[in-house]
Amino acid sequence: MRRRQFIKGSALAAGSFLAMPAILRAQTAVEFSFFFPVAVGGPITKLIDKFAQDFEAENAGIKVKPIYAGTYQETIVKALTAHKAGTPPATSVLLSTDMFTMIDEGAVVAIDEFVKTDDDKKWLASFFPAFMLNSQTGGKTWGIPFQRSTVVLYWNKELFKEAGLDPEKAPSNWNEQIEFAQKLTKRDASGNVTQWGLQVPSSGFPYWLFQGFSTQAGAILANQEGNKTNYDAPEVIEALQYWVDLSQKHKVHPTGVVEWGTTPRAFFDRKCAMMWTTTGNLTNVRNNAKFPFGVAMLPAGKRRGSPTGGGNFYISSKVPREQQEAAFKFARWITSSERAAQWCVDTGYVAVRPDSFDTPVLKSYTDGFPQALVARDQLPHAVAELSTYDNQRVTKALNDGLQAALTGTKQPAQALKDAQAEADRLLKPYQRG
Amino acid sequence: MGDQRIRGWINAWLLLLPAMALLALFTHWPAFATIIDSFFSTPRARRPSVFVGPDNYQQMLADPIFWQALTNNFWFAIGTIPASIALALLMAVWVNDRFPGRTFVRMAFFTPTVLPMIAVANIWLFFYTPELGLLEQIRSALGGRAHNWLGSRDTALAAVTIVAVWKEAGFFMIFYLAALQAIPPNLAEAASLEGASRWYFFRRVQLPLLMPTTLFVLVNAVINAFRMVDHIFVLTRGGPDNATTLLLFHIYTVGFGFWDTGYAAALTVVLLLALAALALIQYGVLERRIHYR
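Structure, rendered in structure tokens:
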């Protein structure tokens, strides 16, 4: 056995030696590297490697080197550090909200430069408009939507039934949300809550969940140019007041900051009957909830609303033209209708184009699991995830304000006024011309 | 004779060279470069870095999060240093005695040190979770009001401090244990002949002989009080509203979240100075009072 392997190995070595001229020819082939993060469960690395192999098989002369780079935060740290050192990967998948940061650092080129044929233009127009909001600014496209998500409401049908509610009907507006949550909140003899009506996480990046409330109240948190925020608009204050009231006035929502990571666990353990979280948790909930559950659009205030989230492809400005072209070709290939559908089925991300939902692979998936369609149906109501220049700092101003209000240190109006003042100060340099 | 001396000299320098080169390359040069960078603005694509003098330091004075981080770090240090050292000493004295299952207890005490911080922080996250966490389950068995430990401003810092003490104490215990075992047994025999109580023996014999170890442990504990931030990333990400933001966490956020490298350099210089000052005090003042054999 061993000997045979040895012989086989030698034969391969000899074969590759004989194939030298072919390899020399292939050296004119383009090779590019590609940074990607892993932010959800599942065999993401394997899936990406498979995509890369298939792409290489279909495109002789291009070699893709996918490199797993950690979380989103670690990936942008690595990509930008490599950019500053002069050796960035040709393409990376980074948060769509990193767009202004990447532009500001001069680290990316506009996608439009590579869109030449009518076919290319058709492809660029094929994405959900909601996902393009975070991918375009100043009349140019900077990111290609890839692994995108949005916030939805999950509810426990068993607990709904116990509380005398229709288990097939989620709250459709703000008043119903409070009313349902009141029926779903249970207390023990000493007054401690054993089951919350609703849980909306507020640790780490509370602004994202808050954008659900603020959009429903009719506000848009930042302009499309990314240099002005509206943190203290009356609608935004109203939205934060509603969130604070859920716990402080109506007492149907845990007090203080609610941890993002443990919220699904609380839902599985019947400690909360409804939760807001990402569509990216769909597969997780499907595998771990020991009860029938529903997925719904977020309840409406003045309107329905939810932010989008997730990652886009960016193309680096500091690599040779042929690498950029190859990277573009790869990103275009991987976001074709069928592959976007496959990616959606494998990971739980929302397929980035409407026509993916007509493909056989996604159709058969959603036929058996209609909950997966809610994200798509909500997209017409979705807005851009909060993103500005100096993004993380401007966002942190809001995060701090939100947490201050939720922990009761500041009144909502005051918290948002402070956040807006800080954002104004930070964005001033970007407001001239 | 002289020849030989020079050769020995060259030998010594050659032996020191690799370590010195590494130290210079990865410690001294970055520290020096950080000091220089702290006087320059952050380079951006359209605005190259320029000399700004003390601007970054002035920004620091006006940065409320910096002050908050400094205050938090002060309380974090006060919370972790004495508690972890005292706990380490207590555990070491206990497992230094002979009793059945001693190896098991030693191992149990040392386990937190071996586990990666990110992993244990994820476990602690569930301990602290309202309603379903371990802490809340104990509380509900005993009665009393429910509490969101990591989610409210008054308890979040204490909660992350406890994780740090738990993580550190076992590590320091090992040093104390080694030092206790190096104390000659005839001292204990002499003390028991004289009829000294256990407490007296500990206070007058063991504790003074442990002082060099205590200094070493203290230096490490102080450094760790400024260095341990891994668990913050998992438990609170600095929240709620910066209640658990420590200095190093703030530096990371400014440097790799905001990409404001100039300001991050200035913050780093402050951290370096603080650590240098503390080290000077520890070695300069305390060392003179310590009895070395």
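Just so you know, the sequences run in chain order A and B. Letter by letter, the first sequence follows residues 1 to 433 of this note's numbering. Letter by letter, the second sequence follows residues 1001 to 1293 of this note's numbering. Even glycine gets a Cβ: it sits at the ideal position worked out from N, Cα and C.
Original post:
Taking the continuous alpha helix (DSSP H) assigned at methionine 102 of chain A, which residues delimit it?
Top reply: The residue labelled residue 102 of chain A in the question sits at position 102 within the first sequence. From DSSP, the alpha helix (DSSP H) with methionine 102 of chain A extends over 99–104.
**OP:** Provide the residue span of the beta strand (DSSP E) that contains glutamate 31 of chain A, from first to last.
**Re:** Working through the first sequence from its first residue, we reach residue 31 of chain A at position 31. 30–36 is the span of the beta strand (DSSP E), which, as asked, contains glutamate 31 of chain A.
**OP:** Return helix, strand or coil for methionine 297 of chain A, following the three-state DSSP convention.
**Re:** If you number the first sequence from 1, residue 297 of chain A lands on position 297. If DSSP states are grouped into helix, strand and coil, methionine 297 of chain A belongs with coil.
**OP:** Confirm, please, whether the CB-CB distance from alanine 29 of chain A to isoleucine 62 of chain A is below 8 Å.
**Re:** Here the question's residue 62 of chain A lines up with position 62 in the first sequence. Here the question's residue 29 of chain A lines up with position 29 in the first sequence. In contact: isoleucine 62 of chain A and alanine 29 of chain A (Cβ atoms closer than 8 Å).
Original post:
Does the separation of the CB atoms of asparagine 522 of chain A and tyrosine 430 of chain A fall below 8 Å?
Top reply: Look at the range of chain A in this structure, 1 to 433, and you will see that residue 522 of chain A is not part of it.
Subject >> valine 93 of chain A, DSSP secondary structure in three states >> reply: As a first step, residue 93 of chain A must be located in the first sequence, where it is residue number 93. DSSP places valine 93 of chain A in strand when its eight states are reduced to three.
**OP:** Taking lysine 271 of chain A as the query, report the chain B residues whose CB atoms sit under 7 Å from its CB, ordered along the chain.
**Re:** Numbered from its first residue, the first sequence carries residue 271 of chain A at position 271. By Cβ distance, chain B contributes Glu1131 and Leu1132.
Original post:
So, is arginine 1007 of chain B buried or exposed, given that buried needs 16 or more other C-beta atoms within 10 angstroms?
Top reply: Taking the second sequence and counting its residues from 1, the one referred to as residue 1007 of chain B is at position 7. With fewer than 16 other Cβ atoms within 10 Å, it is exposed.
Subject >> Where isoleucine 1183 of chain B sits in the DSSP three-state scheme >> reply: Looking up residue 1183 of chain B in the second sequence gives position 183. When DSSP states are grouped into helix, strand and coil, isoleucine 1183 of chain B belongs to the coil group.
Original post:
Which residues, in order along the stretch 185–209 of chain A, keep a beta-carbon less than 7 Å from a beta-carbon of chain B?
Top reply: Ser190, Asn192, Val193, Ser203 and Gly204
**OP:** Can you have a look at proline 21 of chain A and say buried or exposed, based on whether 16 or more other CB atoms are within 10 angstroms of its CB?
**Re:** Start at 1 with the first residue of the first sequence, and residue 21 of chain A comes out as number 21. Below a pLDDT of 50, predicted positions are generally treated as unreliable, and proline 21 of chain A, at 45, falls in that range; the measurement from the model is reported next regardless. Label assigned to proline 21 of chain A: exposed.
Original post:
Looking at proline 264 of chain A and tryptophan 196 of chain A, is the spacing between their C-beta atoms short of 8 Å?
Top reply: Within the first sequence, numbered from 1, the residue matching residue 196 of chain A stands at position 196. Within the first sequence, numbered from 1, the residue matching residue 264 of chain A stands at position 264. Not in contact: tryptophan 196 of chain A and proline 264 of chain A (Cβ atoms no closer than 8 Å).
Subject >> Where the beta strand (DSSP E) containing asparagine 287 of chain A begins and where it ends >> reply: To locate residue 287 of chain A, count along the first sequence from 1; it is residue 287. Premise fails: asparagine 287 of chain A lies in the alpha helix (DSSP H), 282–288, not in any beta strand (DSSP E).
**OP:** Check the Cβ-Cβ distances between proline 254 of chain A and every residue of chain B, and say whether any is below 8 Å.
**Re:** As a first step, residue 254 of chain A is located in the first sequence; it is residue number 254 there, counting from the start. At least one chain B Cβ lies under 8 Å of proline 254 of chain A.
Subject >> Sheet register partners of arginine 270 of chain A (DSSP bridge) >> reply: To locate residue 270 of chain A, count along the first sequence from 1; it is residue 270. None; arginine 270 of chain A has no bridge partner.
Original post:
Since isoleucine 67 of chain A sits in a beta bridge, which residues does DSSP pair it with?
Top reply: Looking up residue 67 of chain A in the first sequence gives position 67. BP columns for isoleucine 67 of chain A point to A/Phe35.
**OP:** Identify which residue in B/Glu1189, B/Phe1066 and B/Asp1241 has its Cα closest to the Cα of alanine 1156 of chain B.
**Re:** If you number the second sequence from 1, residue 1156 of chain B lands on position 156. Minimum Cα distance to alanine 1156 of chain B is reached at B/Asp1241.
Subject >> Whether alanine 1243 of chain B touches valine 1254 of chain B by CB criterion (8 Å) >> reply: On the second sequence, position 243 is the one that residue 1243 of chain B refers to. On the second sequence, position 254 is the one that residue 1254 of chain B refers to. Against a cut-off of 8 Å, the Cβ pair of valine 1254 of chain B and alanine 1243 of chain B comes out as no contact.
Original post:
When Cβ atoms are compared, which residues of the stretch 1075–1090 of chain B fall closer than 8 Å to chain A?
Top reply: none
**OP:** Assign alanine 26 of chain A to buried or exposed, taking buried as 16 or more other Cβ atoms, counted over all protein chains shown, within 10 Å of its Cβ.
**Re:** Position 26 of the first sequence, counting from 1, holds the residue named residue 26 of chain A. Reliability fails at alanine 26 of chain A, whose pLDDT of 47 lies under 50, so the model's placement of it is uncertain and the value that follows must be treated cautiously. Exposed, by the Cβ-count rule.
Subject >> asparagine 134 of chain A in three-state terms, based on DSSP >> reply: Position 134 of the first sequence, counted from the first residue, corresponds to residue 134 of chain A. Residue state, collapsed to three classes: coil.
**OP:** List the residues of chain B whose Cβ lies closer than 8 Å to the Cβ of aspartate 404 of chain A, in chain order.
**Re:** What you label residue 404 of chain A is simply residue 404 of the first sequence in a count that begins at 1. With the sequence shown as reference, residue 404 of chain A is identified as alanine, and aspartate is not the correct amino acid for it. In chain order: Pro1240 and Asp1241.
Original post:
Do phenylalanine 160 of chain A and alanine 266 of chain A come within 8 Å of each other at the CB atom, strictly closer than that value?
Top reply: For the purposes of this step, residue 266 of chain A is taken as the residue at position 266 of the first sequence. For the purposes of this step, residue 160 of chain A is taken as the residue at position 160 of the first sequence. Their beta carbons are not under 8 Å apart, which means alanine 266 of chain A does not touch phenylalanine 160 of chain A by this criterion.
Original post:
How long is the line joining the alpha carbons of valine 1294 of chain B and aspartate 1230 of chain B, rounded to whole angstroms?
Top reply: For residue 1294 of chain B there is no data in the structure shown, the boundaries of chain B being 1001 and 1293.
**OP:** List the residues of chain C that leucine 80 of chain A touches, going by C-beta distances under 8 Å, in chain order.
**Re:** Given the protein chain composition of this structure (A and B), no chain C is represented.
Original post:
Quick one: what does DSSP say isoleucine 315 of chain A is sitting in, helix, strand or coil?
Top reply: One-based indexing of the first sequence puts residue 315 of chain A at position 315. In this structure, isoleucine 315 of chain A counts as strand in the three-state DSSP scheme.
**OP:** Grab me the residues of histidine 381 of chain A's own chain with a C-beta within less than 6 Å of its C-beta, minus the 5 sequence neighbours each way, in chain order.
**Re:** What you label residue 381 of chain A is simply residue 381 of the first sequence in a count that begins at 1. Arg304 and Gly305.
Original post:
Going straight from the alpha carbon of glycine 368 of chain A to that of alanine 189 of chain A, what length do you get?
Top reply: Locating residue 368 of chain A in the first sequence gives position 368, where the first residue counts as 1. Locating residue 189 of chain A in the first sequence gives position 189, where the first residue counts as 1. If you take the alpha carbons of glycine 368 of chain A and alanine 189 of chain A, they lie about 42 Å apart.
Original post:
Would DSSP call leucine 153 of chain A helix, strand or coil?
Top reply: Numbered from 1 along the first sequence, position 153 holds the residue referred to as residue 153 of chain A. Leucine 153 of chain A falls in the strand class under three-state DSSP.
Original post:
Going by DSSP, which residues form a beta bridge with alanine 222 of chain A?
Top reply: Taking the first residue of the first sequence as 1, we reach residue 222 of chain A at position 222. DSSP, once it has assigned bridges, lists A/Thr229 as partnering alanine 222 of chain A.
**OP:** Have a look at leucine 133 of chain A and threonine 1080 of chain B and give me their C-alpha separation to the nearest angstrom.
**Re:** Numbered from 1 along the first sequence, position 133 holds the residue referred to as residue 133 of chain A. Numbered from 1 along the second sequence, position 80 holds the residue referred to as residue 1080 of chain B. Their Cα atoms are separated by approximately 47 Å.
Subject >> Reference glutamine 224 of chain A, options A/Phe328, A/Phe100 and A/Asp54, closest by Cα >> reply: The sequence position of residue 224 of chain A within the first sequence is 224, counting from 1. For the residues A/Phe328, A/Phe100 and A/Asp54, the minimum Cα distance to glutamine 224 of chain A belongs to A/Phe100.
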